[in-house]
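Numbering (our numbering), first residue to last: 29 to 250. Virtual Cβ for every residue (Gly too), placed ideally from N, Cα, C.
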């Protein structure tokens, strides 16, 4: 269902014509179809997070574009909520206090972990795909965007496993998946000027009770 008239939305169009592959190794039609299907389905799988951690989703559509006076071509499109804010990639970390940056990183770890619990692995969790919608607040709101590269059941579509497919549907403590040895914080190093593991252990100590011996063995550093 579309929102009331006057609501600002974002139309994301999956057009093979503008697919960027300078090397020419990839099929733009297959790639755009995959991006579209993965993103549309990710929004539906994560419906309970819409309007809070991810934009509200208003459906997928086919869009007919004119080629010339006679011919048209059809591309896919989704409509999502417009999030007022700025991406982390376009932000200057030094403009945020340490406490604000810690709040942002805690939200990122929280959101990613809850999405992983839904058996979706985000392989493109980068600053360009995270919007800070209230940058002047001491506790900025964090919103994830762009799920074109999301993996369902935490695995790739082809037979090569991206990550062992263990503990589907279970919450995995960030103490296991986000500690320094896993390098998940790598994309956000410009934002971090504190001891990551010490902070992580303090912020997510309450999740330790969810860790089973099997989980600890699976995510062991050995």
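* Asked: Leaving out five residues before and five after residue 144 in sequence, what residues of the same chain have Cβ atoms less than 6 Å from its Cβ?
  -> If you number the chain shown from 1, residue 144 lands on position 116. Here the set comprises nothing.
* **Where residue 109 falls: helix, strand or coil (DSSP)** => Counting from 1 along the chain shown, the entry for residue 109 is found at position 81. Looking at residue 109 - three-state DSSP - the assignment turns out to be strand.
* Asked: Do you know offhand how far residue 242's Cα is from residue 113's?
  -> Looking up residue 242 in the chain shown gives position 214. Looking up residue 113 in the chain shown gives position 85. Each residue's alpha carbon lies about 41 Å from the other.
* For my contact list, residue 204 and residue 229 are in at a C-beta cut-off of 8 Å; report their separation, rounded to the angstrom. => The residue labelled residue 204 in the question sits at position 176 within the chain shown. The residue labelled residue 229 in the question sits at position 201 within the chain shown. About 11 Å separates the two Cβ atoms, so there is no contact after all.
* Express the C-alpha separation of residue 31 and residue 110 in angstroms, rounding to a whole number. => For this step, residue 110 is matched to residue 82 along the chain shown. For this step, residue 31 is matched to residue 3 along the chain shown. Residue 110 and residue 31: Cα-Cα distance of roughly 12 Å.
* I think residue 86 touches residue 64, with their Cβ atoms under 8 Å apart; what is that distance to the nearest whole Å? -> Taking the chain shown and counting its residues from 1, one reaches residue 86 at position 58. Taking the chain shown and counting its residues from 1, one reaches residue 64 at position 36. A Cβ-Cβ distance of about 15 Å is found for the pair residue 86 and residue 64, leaving them out of contact under the 8 Å criterion.
* Spatial neighbours of residue 91 within its chain, please: CB distance less than 6 Å, with the 5 preceding and 5 following residues excluded, ordered by chain position. => In the chain shown, counting from the first residue as 1, residue 91 sits at position 63. Shown here for residue 91: same chain residues with a beta carbon closer than 6 Å to its own, the five before and five after excluded, namely 103, 105 in chain order.
* Thinking C-beta only, is residue 117 closer than 8 Å to residue 156? -> As a first step, residue 156 is located in the chain shown; it is residue number 128 there, counting from the start. As a first step, residue 117 is located in the chain shown; it is residue number 89 there, counting from the start. Here residue 156 is near residue 117, since their CB atoms are less than 8 Å apart.
* Helix, strand or coil for residue 54 per DSSP? -> Position 26 of the chain shown, counting from 1, holds the residue named residue 54. Looking at residue 54 - three-state DSSP - the assignment turns out to be coil, as it is neither helix nor strand.
* Could you tell me if residue 140 is buried or exposed, where buried requires 16 or more neighbouring beta carbons within 10 angstroms of its beta carbon? => Stepping through the chain shown from its first residue, residue 140 is reached at position 112. Within a 10 Å sphere around the beta-carbon of residue 140 sit 16 or more other beta-carbons, which makes this residue buried.
* Please confirm whether residue 128 and residue 168 have their CB atoms less than 8 Å apart. => Counted from its first residue, the chain shown places residue 128 at position 100. Counted from its first residue, the chain shown places residue 168 at position 140. Taking 8 Å as the cut-off, the Cβ atoms of residue 128 and residue 168 count as close.
* To do: Return yes when at least one heavy atom of the ligand NAP lies under 7 Å from the C-beta of residue 147, else no.
  => As for the ligand NAP, it is missing from this structure, which has no ligand bound.
* For the segment 160 to 178 against the segment 92 to 99, are there 3 or more C-beta pairs whose distance is under 8 Å? -> Contact between the segment 160 to 178 and the segment 92 to 99 is absent, with fewer than three C-beta pairs closer than 8 Å.
* Asked: How about residue 238 and residue 209: do their beta carbons lie closer than 8 Å?
  -> Translated into the one-based positions of the chain shown, residue 238 becomes position 210. Translated into the one-based positions of the chain shown, residue 209 becomes position 181. No, Cβ-Cβ distance for residue 238 and residue 209 is not below 8 Å.
* Could you work out which residue in 159, 194, 149 is closest to residue 115 when comparing CA atoms only? => Here residue 115 corresponds to residue number 87 of the chain shown, with the count starting at 1. With distances taken between Cα atoms, residue 115 lies closest to 159.
* To do: Inspect the CB distances between the segment 120 to 136 and the segment 46 to 63 and report whether three or more fall short of 8 Å.
  => Result no; under three Cβ-Cβ pairs closer than 8 Å.
* To do: Helix, strand or coil for residue 85, going by three-state DSSP, please let me know.
  => Translated into the one-based positions of the chain shown, residue 85 becomes position 57. The DSSP-derived three-state label of residue 85 is strand.
* Asked: Quick one: what does DSSP say residue 167 is sitting in, helix, strand or coil?
  -> Mapped onto the chain shown, residue 167 falls at position 139. Judged by DSSP in its simplified three-state form, residue 167 adopts coil rather than helix or strand.
* **Distance between beta carbons of residue 246 and residue 194, contact taken as under 8 Å** => Counting from one through the chain shown, the residue named residue 194 turns up at place 166. Counting from one through the chain shown, the residue named residue 246 turns up at place 218. Correct: roughly 5 Å between the Cβ atoms.
* Residue(s) in a DSSP beta bridge with residue 42 -> Along the chain shown, one-based indexing puts residue 42 at 14. DSSP links residue 42 through a beta bridge to 104.
* Asked: Among the residues of its own chain, which have a CB less than 8 Å from the CB of residue 244, if the five just before and after it don't count?
  -> Locating residue 244 in the chain shown gives position 216, where the first residue counts as 1. Closer than 8 Å at the Cβ level, and outside the excluded window around residue 244, lie 204.
* To do: Mind checking who residue 90 pairs with in its DSSP beta bridge?
  => One-based indexing of the chain shown puts residue 90 at position 62. Note: residue 90 sits in a beta bridge opposite 104.
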